[in-house]
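K.L.:
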Amino acid sequence: MAKVHQFDVVVVGGGGAGLMAGLYASRTAKTAVISKMYPTRSHTGAAQGGIAAALGNSEGDNPAWHMYDTVKGSDYLGDQDAIEFMTSEAPQAVIELENMGLPFDRTPEGRISQRPFGGHTNNETGKPVRRAAHAADRTGHMILQTLYQQCLKNKVNFFDEYQVLDFIMVNGKAAGVVAVELSTGELHTIHAKAVIFATGGHGRIFEVTSNAYAYTGDGAAILLRKGIPLEDMEFFQFHPTGIYKLGILITEGVRGEGGVLINGKGERFMPRYAPTIKDLASRDVVSRAIYTEIKEGRGVDGKNYVYLDIRPETVNKFAAEDGRTNPDGSKFNLTAEQVLKKLPDIIDFCRVYLGVDPVTQMMPIQPTAHYTMGGIPTNKFGEVVIDDKNTVLPGLYAAGECACVSVHGGNRLGCNSLLDLVVFGKHAGLRAAEYAKTAEFEKLPENAESAARSEFEALRKGSGKENVFDLSNEMKKVMFADVGIYRNEKDMRNALEKVRELKSRFKDVTVNDTGKIFNTELLNAWEFGNLLDIAEVVALSALNRKESRGGHSREDFPERDDKNWLKHTLVWNKNGKLEIDYKPVVITRHQPKARVY
Amino acid sequence: MEITIKIFRYDPEKDTRGHYETYVVEGDENDRVLDVLELVKGKTDGSLAFRRSCAHGVCGSDAMRINGRNHLACKTLVRDVGANITVEPVLGLKVKKDLVVDMDPFFDNYKKMLPYLINESPLPADGRERLQSPEDRARFDESTKCILCAACTTSCPSYWANGNYYGPAAIVTAHRFIFDSRDEGASERLHILSETDGTVRCHTAYNCTEACPRDIKITKAIGEVKMAMVTGKLD
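Quick mapping for you: the protein sequence lines, in order, are chains A and B.
Quick note on numbering: the first sequence equals residues 0 to 596 in numbering that gives the first Met the number 0.
Quick note on numbering: the second sequence equals residues 0 to 234 in numbering that gives the first Met the number 0.
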């Protein structure tokens with residue numbers, strides 16, 4: 000028997016969205032946050048460049064511009080009601096973080112400092128606008144720390160190092176979750192009126208990724224298995240600048256501070272792809288440009304990488320050519336000292352992993368799997384919606400990268416992820432607490448933990464012919480090669496077949512560690528099962544969408560097709576078989592038009 | 000290249016005491032020590048337990064002793080430590096299994112520092128951010144880098160000698176708030192740190208500063224806290 004705990008609201012995940020939800024829910028409801036790691040380990044902490052908000056601290060800006068940029072960035076697949084909500088909440092959300100103690104960098108006037116970022120523009124000139132509020136190049140780290148600190152101050156209940164394995168649903172409503180305590184191997188049932196999933200993305204399905212080991216799509220996979228659909232899973236963001244081979248993120252803030260991309264012939268190539276905002280185009284555009292340069296033989300030394308250059312002499316040369324000025328109109332002039340001050344972590348990563356000093360040398364980079372645009376479908380209050388009519392599943396919420404509101408549509412703008420998790424984490428928390436005020440606890444089924452227990456048992460009973468580590472590498476390779484930046488029917492079909500083959504071979508793995516205490520072999524195997532389920536949905540959704548839009552670029556269907564495909568994909572698992580349906584995109588202010596940067 | 004890695008093993012469900020196992024794997028000089036551990040776990044012995052997540056030195060999960068010194072396994076490359084590697088859990092915290100130690104006492108000390116902004120004054124009437132000059136912001140910049148990996152605290156001889164000592168990481172956290180011009184809780188924190196388990200136990204061995212994977216000048220930060228305690232001033 001599992002130990003049983005009872006809370007009004009249980010939050011699964013201790014990253015930015017989960018902590019924000021926990022913080023707000025705990026103000027009025029008995030709340031627990033369950034996290035498979037200590038919350039400060041969460042991947043929000045790896046976000047670097049900033050959080051987007053039209054504060055206008057350095058130059059003219061307004062939420063309507065932010066909204067338009069986000070809609071355009073999404074390639075018109077984002078739901079405009081949700082985008083308008085997020086961008087209008089943004090300034091207050093960032094100010095609230097400051098009020099909580101977040102150490103943002105400051106302008107000479109003492110206000111929150113902002114830097115340019117990809118796809119964020121002055122809508123009148125089309126030029127980049129300073130909208131990314133930042134704390135050096137560790138903005139996510141500071142958000143994670145600040146929210147964790149606020150949760151401690153407000154005495155939120157934490158279950159650290161508990162892995163959630165199952166979602167309990169009774170009478171079509173949320174009733175709690177089942178989790179395993181890593182340090183003892185014991186199962187726990189957390190009985191709750193409301194459940195908020197904030198479990199992050201699934202970038203570990205790809206070989207070259209900026210994502211943490213923890214990013215195994217647990218929440219999305221658990222809910223998929225429970226019959227809840229996943230939305231727009233074909234849309235995955237490849238960040239243009241990952242460290243060559245390792246995939247470690249190099250923030251877009253480097254280009255925000257004036258850095259440029261240089262190909263193997265020493266040319267700055269982005270003006271050919273995005274004549275107006277050049278190196279600060281949307282991420283999908285820049286990743287495709289890099290890929291094209293490499294494919295056409297202009298990678299460095301014929302290899303599959305190009306350079307990112309933040310050396311002051313390069314930056315200042317191109318800034319002069321672009322007519323870039325400081326906010327006060329003075330001449331833009333970047334110094335080595337400023338690079339060290341504004342991008343300390345990037346410098347550190349390059350020195351440690353590459354032996355390269357970005358102040359004097361160029362950084363070898365290649366696109367890296369980075370962000371899940373799709374996910375668990377929700378409305379703008381974080382309520383999970385389970386069909387094309389947006390029917391709410393009572394008591395179930397999702398926020399952050401695991402959720403699809405959808406504010407990012409086909410391609411997320413930089414700095415909108417931290418904004419997403421703060422805004423929708425907060426509203427999911429508020430909504431869940433409000434729901435818990437009037438809702439009753441559903442009666443727990445007998446042995447609520449039995450499904451989780453049998454999943455573990457199955458992993459222990461395989462024939463042992465297969466090895467998780469090897470299967471995992473096979474999945475990552477095929478997903479990166481065949482469902483990557485450029486896609487086509489043949490490759491994606493190959494990937495889908497391969498993932499299905501791996502799913503079948505996965506039944507033959509055996510976990511040798513029979514222990515209970517920190518049995519990470521068992522947990523990693525279980526996580527890999529989640530990745531396989533998710534990879535299948537990603538490959539199928541991508542194969543199904545016969546157009547190019549945002550991060551989904553098909554060589555065989557190179558154009559966006561609004562007539563047939565201006566709609567969200569929904570994929571259900573019906574008794575082990577995946578089924579596809581659609582729901583309409585919400586369009587309010589901005590009619591789709593050609594997307595040019 | 001061939002890499003020989005000797006790893007401390009302890010399974011509380013089987014072993015009465017820890018022992019070492021040696022593994023030989025094929026790797027590259029640019030591999031992280033974490034990659035080598037993953038390879039051993041993935042191909043040779045799945046029961047090997049260690050924590051890891053971001054794999055690039057920002058989440059703080061994988062502090063361990065590598066060739067006798069505290070490092071993050073994901074931020075230490077084979078070329079830095081050579082092809083003969085010994086990996087052990089950090090000292091001063093109870094080993095739960097293999098390289099996994101009990102982090103609860105470490106986080107308990109963190110929590111004792113009142114690790115959140117204390118400011119009871121009204122927020123700006125215009126509904127905007129509190130103002131802070133770039134100079135005031137720079138005053139505590141270093142200590143905001145801390146990722147709570149415990150590499151410093153578990154390298155500290157005073158902490159080894161007395162586990163009640165709050166330890167360098169907790170003091171760095173206190174420093175982050177004490178020197179934040181927006182914070183009003185400095186005297187409360189300085190009072191906590193003036194207790195027997197506070198800064199008095201720091202004997203400037205300097206191990207913490209050397210161990211910090213974020214290059215925080217920890218001994219200096221502790222010195223500044225001590226100075227504030229003596230002078231009652233925060234500049």
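No residue lacks a Cβ here, since even glycine has one placed at the ideal position from N, Cα and C.
Owing to the predicted nature of the structure, the values given are computational and were not obtained by experimental measurement.
(1) Within 10 Å of its beta-carbon, does K545(A) have 16 or more other beta-carbons around it, so buried, or fewer, so exposed?
(2) Looking at chain B, which residues of the stretch 298-332 of chain A have a Cβ within less than 7 Å of any of its Cβ atoms?
(3) On the DSSP letters alone, give me the boundaries of the beta strand (DSSP E) that V177(A) sits inside.
(4) Determine, using beta carbons only, whether L113(B) and G166(B) come nearer to each other than 8 Å.
(5) Which full runs of the alpha helix (DSSP H) of 4+ residues lie inside the stretch 502-575 of chain A, going along the chain?
(6) Can you pull the chain B neighbours of Y212(A), defined as C-beta to C-beta under 7 Å?
(7) Kindly give me the distance between the Cβ atoms of G49(A) and G258(A), rounded to whole angstroms, as I take these residues to be in contact under 8 Å.
(8) Note the first and the last residue of the continuous alpha helix (DSSP H) segment covering E209(B).
(9) Whose Cβ in chain A lies nearer than 7 Å to the Cβ of T143(B)?
(10) Give the single residue among H70(B), P121(B), E87(B), A168(B) whose Cα lies nearest to the Cα of I4(B).
(11) Starting from the C-beta of F317(A), find all residues in its chain whose C-beta is less than 6 Å away, skip the five residues before and the five after it, and write them out in chain order.
(12) By the criterion of Cβ-Cβ separation under 7 Å, what are the contact partners of G41(B) in chain A?
(13) Is the beta carbon of L245(A) within less than 7 Å of some heavy atom of the ligand NAD?
(14) Compare the Cα-Cα distances from R203(A) to each of F517(A), K475(A), K442(A), G55(A) and report the closest residue.
(15) Do T282(A) and Q236(A) have their C-beta atoms within less than 8 Å of each other?
(16) When the Cα of D196(B) is compared with those of A220(B), A210(B), Y158(B), K232(B), which residue comes out closest?
(17) Taking the C-alpha atoms as reference points, what is the distance between E256(A) and D27(B)?
(18) Going by DSSP, name the residue or residues bridged to M63(B).
(19) Counting contacts by CB-CB distance shorter than 8 Å, is D234(B) in contact with chain A?
(20) Do K582(A) and K566(A) have their CB atoms nearer than 8 Å?
(21) In the DSSP assignment, find the alpha helix (DSSP H) that holds R175(B) and state where it starts and stops.
(22) Which residues in chain B have a C-beta closer than 7 Å to the C-beta of S182(A)? List them in chain order.
(23) Between which two residues does the alpha helix (DSSP H) containing R287(A) stretch?
(24) Determine, using beta carbons only, whether C401(A) and A178(A) come nearer to each other than 8 Å.
(25) Taking only beta-carbon positions, decide if K74(B) is within less than 8 Å of chain A.
(26) Counting only Cβ-Cβ distances shorter than 9 Å, please list the residues of the stretch 358-371 of chain A near chain B, keeping chain order.
(27) In chain order, which continuous runs of the beta strand (DSSP E) of length 3 or greater are located wholly inside the stretch 224-278 of chain A?
(28) Cβ of S157(B) less than 8 Å from any chain A Cβ?
(29) Starting from I345(A), trace the alpha helix (DSSP H) both ways and give me its first and last residue.
(30) Would you mind stating whether H65(A) and A51(A) have Cβ atoms separated by less than 8 Å?
(31) Taking the alpha-carbon positions, what's the Y596(A) to Q360(A) distance?
(32) In angstroms, rounded to a whole number, what distance separates the CA positions of S540(A) and L33(B)?
(33) I'd like to confirm the pairing. Which residues does DSSP put opposite N493(A) in its beta bridges?
(34) Tell me, please, whether the CB atom of F517(A) is closer than 8 Å to any CB atom in chain B?
(35) With 8 Å as the threshold, decide whether the Cβ of P88(B) is near any Cβ in chain A.
(36) Thinking C-beta only, is Y304(A) closer than 8 Å to I364(A)?
P.N.:
Judging by the given coordinates:
(1) In the first sequence, residue 545(A) corresponds to position 546, counting from 1. Looking at its Cβ environment, which holds fewer than 16 other Cβ atoms inside 10 Å, K545(A) is exposed.
(2) Residues are counted here when their Cβ sits less than 7 Å from a Cβ of chain B; for the stretch 298-332 of chain A the count is zero.
(3) Counted from its first residue, the first sequence places residue 177(A) at position 178. Per DSSP, V177(A) belongs to the beta strand (DSSP E) from 172-180.
(4) What you label residue 113(B) is simply residue 114 of the second sequence in a count that begins at 1. What you label residue 166(B) is simply residue 167 of the second sequence in a count that begins at 1. Taking 8 Å as the cut-off, the beta carbon of L113(B) is found no closer than this to the beta carbon of G166(B).
(5) Runs of the alpha helix (DSSP H) inside the stretch 502-575 of chain A: 519-543, 561-564.
(6) By one-based count along the first sequence, residue 212(A) stands at place 213. What Y212(A) touches in chain B: R51, S52, A54.
(7) For the purposes of this step, residue 49(A) is taken as the residue at position 50 of the first sequence. For the purposes of this step, residue 258(A) is taken as the residue at position 259 of the first sequence. That belief does not hold up - the Cβ atoms of G49(A) and G258(A) are roughly 15 Å apart, past 8 Å.
(8) Here the question's residue 209(B) lines up with position 210 in the second sequence. Its alpha helix (DSSP H) spans residues 206-210.
(9) For this step, residue 143(B) is matched to residue 144 along the second sequence. Residues of chain A passing the Cβ test: P102, M141.
(10) Position 5 of the second sequence, counted from the first residue, corresponds to residue 4(B). Comparing Cα positions, the closest option is E87(B).
(11) Start at 1 with the first residue of the first sequence, and residue 317(A) comes out as number 318. So the list reads V259, once near-sequence residues are dropped.
(12) By one-based count along the second sequence, residue 41(B) stands at place 42. Those are F468, listed as they occur along chain A.
(13) In the structure shown, the ligand NAD is absent, as is every other ligand, since no ligand is present at all.
(14) Here residue 203(A) refers to the residue found at position 204 of the first sequence. Comparing Cα-Cα distances from R203(A) to each of F517(A), K475(A), K442(A), G55(A), the minimum goes to K475(A).
(15) On the first sequence, position 283 is the one that residue 282(A) refers to. On the first sequence, position 237 is the one that residue 236(A) refers to. The residue asked about is misnamed: residue 282(A) is Arg in this sequence, not Thr. In terms of Cβ geometry, R282(A) and Q236(A) form a close pair [threshold 8 Å].
(16) Counted from its first residue, the second sequence places residue 196(B) at position 197. The candidate whose alpha carbon is nearest that of D196(B) is Y158(B).
(17) On the first sequence, position 257 is the one that residue 256(A) refers to. On the second sequence, position 28 is the one that residue 27(B) refers to. Whole-angstrom Cα-Cα distance: 34 Å.
(18) Taking the second sequence and counting its residues from 1, one reaches residue 63(B) at position 64. Answer is H70(B), bridged to M63(B).
(19) Residue 234(B) sits at position 235 when you count from the first residue of the second sequence. So no, D234(B) is outside the interface.
(20) Walking along the first sequence from the start, residue 582(A) turns up at place 583. Walking along the first sequence from the start, residue 566(A) turns up at place 567. Yes, the pair counts as a contact, with Cβ atoms nearer than the cut-off.
(21) Taking the second sequence and counting its residues from 1, one reaches residue 175(B) at position 176. That run of the alpha helix (DSSP H) goes 167-177.
(22) Counting from one through the first sequence, the residue named residue 182(A) turns up at place 183. When 7 Å is used as the limit between beta carbons, S182(A) is near these residues of chain B: K95, in chain order.
(23) In the first sequence, counting from the first residue as 1, residue 287(A) sits at position 288. Taken as a continuous stretch (DSSP letters only), the alpha helix (DSSP H) holding R287(A) covers 282-294.
(24) Translated into positions along the first sequence, residue 401(A) becomes position 402. Translated into positions along the first sequence, residue 178(A) becomes position 179. In this structure, A178(A) does not lie closer than 8 Å to C401(A) by Cβ.
(25) Against the second sequence, residue 74(B) aligns to sequence position 75. So yes, K74(B) belongs to the interface.
(26) Taking 9 Å as the upper bound on Cβ-Cβ separation, chain B lies near no residue of the stretch 358-371 of chain A.
(27) Scanning the stretch 224-278 of chain A from its first residue to its last, the whole beta strand (DSSP E) runs of 3-plus residues come out as 235-242, 259-261.
(28) Position 158 of the second sequence, counted from the start, is the residue given in the question as residue 157(B). It does not: the Cβ of S157(B) has no partner Cβ on chain A nearer than 8 Å.
(29) Here residue 345(A) corresponds to residue number 346 of the first sequence, with the count starting at 1. The continuous alpha helix (DSSP H) containing I345(A) extends over residues 343-348.
(30) Locating residue 65(A) in the first sequence gives position 66, counting from the first residue. Locating residue 51(A) in the first sequence gives position 52, counting from the first residue. A distance below 8 Å separates the beta carbons of H65(A) and A51(A).
(31) Your numbering for residue 596(A) matches position 597 in the first sequence. Your numbering for residue 360(A) matches position 361 in the first sequence. Each residue's alpha carbon lies about 29 Å from the other.
(32) For this step, residue 540(A) is matched to residue 541 along the first sequence. For this step, residue 33(B) is matched to residue 34 along the second sequence. So the two alpha carbons sit approximately 34 Å from each other.
(33) Start at 1 with the first residue of the first sequence, and residue 493(A) comes out as number 494. As DSSP reads the structure, N493(A) sits in no beta bridge.
(34) Locating residue 517(A) in the first sequence gives position 518, where the first residue counts as 1. Yes - at least one Cβ of chain B is within 8 Å of the one on F517(A).
(35) The sequence position of residue 88(B) within the second sequence is 89, counting from 1. It does not: the Cβ of P88(B) has no partner Cβ on chain A nearer than 8 Å.
(36) Counted from its first residue, the first sequence places residue 364(A) at position 365. Counted from its first residue, the first sequence places residue 304(A) at position 305. Yes, Cβ-Cβ distance for I364(A) and Y304(A) is below 8 Å.
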